[in-house]
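Residue numbering for the sequence shown follows this note's numbering, beginning at 18 and increasing consecutively.
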Amino acid sequence: MESPSEGAGKHWILSLAALGVVFGDIGTSPLYAFKLIFHPRYGIPLTAENIIGGVSAVFWALTIIVTVKYVTIVMRLDNRGEGGIMALMTLALEATKGRDSLRKFVIGAGICGAALFFGDAVITPAISVLSAIEGLEIGSRMLKPFILPISVGVLLGLFFMQRFGIEAVGKLFGPITAIWFLILLIIGASWVIKNPAVLHAINPLHALKFLSGHGIASFWILGAVLLVFTGGEALYTDMGHFGRRPIRIAWLGLVLPALMLNYMGQGALLMLEPSSVDNPFYRMYPNWALYPIIVLATAATCIASQACIAGTFSLAKQGIQLGLLPRLAIHHTSSELAGQIYMPGVNFILMIAVLMVTLTFGSSMHLASAYGVSVSGAMLITSCIAAVVYRYSLKYNLAVCILGGTFFVVIDFAFFTSNLAKIGHGGWFSVSLAAFIAMLMITWRSGRQAVNYYLQSKDYKLAPYLNSLFKKPPLRVPGTAIFLSTNQVNVPHALIYNLKHNSVLHEKNLFLTVTAVNVPKVMLKNRVIISKLREGCFRLILRYGYMEHPDVERTLQRLNKLHLLDIDPAKASFFICRYNIFPVTGGYSKMANWRERIFAAMVRNSSSAIEYYRIPANRTVEVQENIMI
Numbered sequence: 018m019e020s021p022s023e024g025a026g027k028h029w030i031l032s033l034a035a036l037g038v039v040f041g042d043i044g045t046s047p048l049y050a051f052k053l054i055f056h057p058r059y060g061i062p063l064t065a066e067n068i069i070g071g072v073s074a075v076f077w078a079l080t081i082i083v084t085v086k087y088v089t090i091v092m093r094l095d096n097r098g099e100g101g102i103m104a105l106m107t108l109a110l111e112a113t114k115g116r117d118s119l120r121k122f123v124i125g126a127g128i129c130g131a132a133l134f135f136g137d138a139v140i141t142p143a144i145s146v147l148s149a150i151e152g153l154e155i156g157s158r159m160l161k162p163f164i165l166p167i168s169v170g171v172l173l174g175l176f177f178m179q180r181f182g183i184e185a186v187g188k189l190f191g192p193i194t195a196i197w198f199l200i201l202l203i204i205g206a207s208w209v210i211k212n213p214a215v216l217h218a219i220n221p222l223h224a225l226k227f228l229s230g231h232g233i234a235s236f237w238i239l240g241a242v243l244l245v246f247t248g249g250e251a252l253y254t255d256m257g258h259f260g261r262r263p264i265r266i267a268w269l270g271l272v273l274p275a276l277m278l279n280y281m282g283q284g285a286l287l288m289l290e291p292s293s294v295d296n297p298f299y300r301m302y303p304n305w306a307l308y309p310i311i312v313l314a315t316a317a318t319c320i321a322s323q324a325c326i327a328g329t330f331s332l333a334k335q336g337i338q339l340g341l342l343p344r345l346a347i348h349h350t351s352s353e354l355a356g357q358i359y360m361p362g363v364n365f366i367l368m369i370a371v372l373m374v375t376l377t378f379g380s381s382m383h384l385a386s387a388y389g390v391s392v393s394g395a396m397l398i399t400s401c402i403a404a405v406v407y408r409y410s411l412k413y414n415l416a417v418c419i420l421g422g423t424f425f426v427v428i429d430f431a432f433f434t435s436n437l438a439k440i441g442h443g444g445w446f447s448v449s450l451a452a453f454i455a456m457l458m459i460t461w462r463s464g465r466q467a468v469n470y471y472l473q474s475k476d477y478k479l480a481p482y483l484n485s486l487f488k489k490p491p492l493r494v495p496g497t498a499i500f501l502s503t504n505q506v507n508v509p510h511a512l513i514y515n516l517k518h519n520s521v522l523h524e525k526n527l528f529l530t531v532t533a534v535n536v537p538k539v540m541l542k543n544r545v546i547i548s549k550l551r552e553g554c555f556r557l558i559l560r561y562g563y564m565e566h567p568d569v570e571r572t573l574q575r576l577n578k579l580h581l582l583d584i585d586p587a588k589a590s591f592f593i594c595r596y597n598i599f600p601v602t603g604g605y606s607k608m609a610n611w612r613e614r615i616f617a618a619m620v621r622n623s624s625s626a627i628e629y630y631r632i633p634a635n636r637t638v639e640v641q642e643n644i645m646i
């Protein structure tokens with residue numbers, strides 16, 4: 018049994034590890050967020066009252082959105098320990114069975130939330146790295162022309178290293194980020210001591226007065242305040258990697274105090290030296306510390322960007338398992354940590370998009386004008402789905418769910434609408450990207466439904482088919498054949514083609530269906546369902562969670578060793594059917610023709626079943642079938 022001291026020590030170790038993964042994004046926001054509140058575009062005078070009001074808005078935004086909403090409320094909603102928009106969506110779907118309209122809303126909201134995350138993932142690495150490198154300009158104006166090339170070089174290196182994995186250097190992420198937060202805390206506290214008047218910002222009335230006293234500019238300022246808690250969603254998303262308690266310990270014990278004091282320190286600096294508004298973060302440091310801080314900031318932003326990229330890989334993998342994205346190549350970069358993966362296609366597309374926005378916008382100030390639409394949209398969706406889960410899964414009182422949900426939805430909606438003003442200043446890019454990805458996911462889901470309708474109209478039920486077949490059995494040959502099928506009830510088309518062309522049936526036949534279930538991971542005892550159909554014919558269903566990667570051959574080997582399956586997978590032959598999609602007028606699809614063509618292209622370019630399910634290619638027979646949708 019684990020002693021209390023051992024348990025506490027384990028939580029502290031996990032909290033340290035979480036610093037580099039969970040809090041990288043929100044931890045680098047002080048580099049650029051506070052200065053944007055007093056952007057010249059808004060015309061807010063740098064008076065002591067306004068500065069205290071700005072700090073107060075930041076203080077209470079971090080308190081209400083991150084501490085209350087995510088740390089206290091949303092993080093209770095784990096799906097077998099896992100968090101994130103996909104986990105929340107599957108929880109809501111489990112709780113709303115029989116409520117078709119509500120389920121459609123949940124699926125639509127979940128798809129939009131995932132798409133918005135992808136849109137956000139394009140801007141986060143760019144703005145983080147640019148804001149760190151821009152500190153060079155504080156040291157010398159002559160270095161300004163080198164900021165963009167250095168940033169591009171750092172980003173290229175970051176994406177290039179993905180294929181090799183970060184297991185070796187990943188152990189340093191936690192300690193480096195811990196040092197980063199300690200420095201944020203110390204430098205912020207030093208300026209608060211110099212000007213303790215900034216502590217008046219704790220009074221929420223200053224925030225309310227600041228956000229309501231500048232006319233239409235107050236609305237735009239709200240969009241700038243949002244930047245202080247970008248990355249707050251990561252506390253929930255990464256809950257499955259570190260656990261609820263270690264993340265809460267890290268947030269309340271170090272991250273929140275460091276962020277609060279640093280933003281207060283920037284406010285204290287501006288009250289004493291209003292000319293520092295161009296970059297209050299770096300202006301807080303003495304000249305001798307500037308370049309070491311730039312190096313540390315660059316390391317911190319690279320860690321934040323790495324966490325964002327890894328999160329994109331993880332979300333794409335979950336989308337594949339839940340049937341929202343086509344199969345894509347997935348490589349594991351660690352022999353010990355199953356969650357460390359590399360997806361070459363996603364990495365390449367993300368790299369091109371990140372470099373495009375970096376070169377197009379050129380500075381963190383310009384990028385900040387485009388940042389926030391995706392973040393605020395994703396947070397609004399989280400509030401809506403969380404209210405559904407609290408009502409239908411946790412069975413909270415309807416009035417409580419309506420009042421609580423309305424409170425956070427109104428706040429999130431205010432942030433979201435204030436950020437809509439950024440669409441004309443570059444926000445269109447992340448919104449357009451999110452809309453495109455959402456369209457792809459909806460198209461893939463609708464296309465798969467059309468394919469299933471087609472197959473159902475052509476398919477035979479497996480059990481009656483075998484009964485009919487065994488009345489005049491074909492020639493039986495030694496060996497084992499494993500037929501993959503997308504449907505556990507119907508006849509695998511590969512079997513039909515094998516009988517048609519070879520007129521033989523193997524001594525042992527396994528009809529295998531791989532299914533994804535709405536839980537993160539499935540234990541081996543719950544993974545396998547075996548049933549005997551006829552002599553030498555068995556139906557096998559392998560169930561995988563949406564956080565897992567199917568490995569058919571390895572699972573079959575384990576079943577054989579445990580004597581749950583009387584076949585030798587190393588000697589079996591696999592038979593699979595690959596479908597070629599052809600859009601036709603009046604077919605099974607209800608999509609527009611252009612979407613049918615996109616679906617056909619997605620099918621053609623998806624990873625093969627051999628690669629995705631990890632089936633030995635040298636023992637696999639693949640047949641192709643044309644499907645008209």
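We treat Cβ as the ideally placed atom computed from N, Cα and C, and that holds for glycine.
When the options are compared against residue i, the one with the closest alpha-carbon
i	options	result
Ile650	Leu522, Ala78, Leu105 and Trp77	Because residue 650 is not part of the residues shown, which for the chain are 18 to 646, the question remains open.
Val371	Ala35, Ala138, Leu108 and Leu33	Ala138
Ser449	Ala50, Leu110, Ile140 and Ala112	Ile140
Leu367	Ile326, His231 and Thr350	Ile326
Lys412	Gly71, Ala112, Ala50 and Ala34	Ala112
Gly298	Val638, Ile164, Ser590 and Phe51	As written in the sequence, residue 298 is Phe, which differs from the Gly given in the question. Nearest C-alpha to Phe298: Phe51.
Ser435	Tyr388, Gly60, Asp117 and Leu479	Tyr388
Ala617	Val294, Gly464 and Gly270	Gly464
Ile155	Asn296, Tyr596 and Trp268	Asn296
Ile547	His523, Asn577, Lys211 and Leu165	Asn577
Ile30	Leu332, Phe528 and His258	His258
Lys607	His566, Ala511 and Val468	Val468
Pro47	Gln179, Gly230 and Gly282	Gly282
Glu99	Leu273, Val536 and Gly191	Val536
Ser365	Cys594, Phe330 and Gly421	For the record, residue 365 in the displayed sequence is Phe; it is not Ser. Of Cys594, Phe330 and Gly421, the residue nearest in Cα terms is Phe330.
Asn220	Tyr482, Leu492, Val75 and Arg408	Val75
Gly421	Gly182, Glu613 and Ser400	Ser400
Ala34	Arg575, Thr532 and Lys188	Lys188
Val508	Gly553, Lys525, Leu472 and Val494	Leu472
Rounded distance between the beta-carbons of residue j and residue i, thought under 8 Å
i	j	result
Ala346	Gly362	6 Å
Met396	Met256	No, Met396 and Met256 are not in contact; Cβ-Cβ is about 16 Å, not under 8 Å.
Gly444	Val390	4 Å
Gly441	Thr254	About 30 Å; that fails the 8 Å criterion.
Leu501	Ile593	5 Å
Distance between residue j and residue i (C-alpha atoms, nearest Å)
i	j	result
Ile310	Cys129	38 Å
Arg560	Asn304	59 Å
Ala425	Ala431	What sits at residue 425 in the sequence shown is Phe, not Ala. Computed Cα separation, rounded: 10 Å.
Ile398	Ala126	6 Å
Glu639	Val85	53 Å
Trp208	Leu415	47 Å
His580	Leu573	10 Å
Val620	Thr460	11 Å
Ile90	Arg262	13 Å
Phe198	Val123	37 Å
Lys588	Thr637	11 Å
Tyr514	Ser520	9 Å
Leu287	Leu63	8 Å
Phe378	Phe163	15 Å
Met18	Arg544	Confidence in Met18 is poor, its pLDDT being 41 and thus under 50, which makes the residue's placement unreliable; the coordinate value appears in the next sentence. Cα-Cα distance, rounded: 28 Å.
Met103	His348	21 Å
Val72	Ile144	22 Å
Leu550	Phe591	19 Å
Leu172	Pro142	8 Å
Arg408	Val539	26 Å
Strand pairing of residue i, partner residues [DSSP]
i	result
Gln641	Arg595
Phe555	Leu527 and Lys549
Asn96	Glu99
Tyr87	Bridge partners of Tyr87: none, in fact.
His566	DSSP output for His566 lists no bridge partner at all.
His349	Ile358
Arg560	Thr532
Margin query: Report the start-end ranges of each alpha helix (DSSP H) in the segment 273-318 that is 4 residues or longer and not cut off at the edges.
Written below: 273-289 and 297-300
Margin query: Which complete beta strand (DSSP E) runs does the segment 458-511 hold, if anything under 3 residues is left out?
Written below: 492-501
Checklist line | Minimum length 3: unbroken beta strand (DSSP E) runs contained in the segment 571-632 | finding: 590-599
Checklist line | Segments assigned alpha helix (DSSP H), at least 4 residues, entirely inside the segment 42-81 | finding: 50-54 and 65-78
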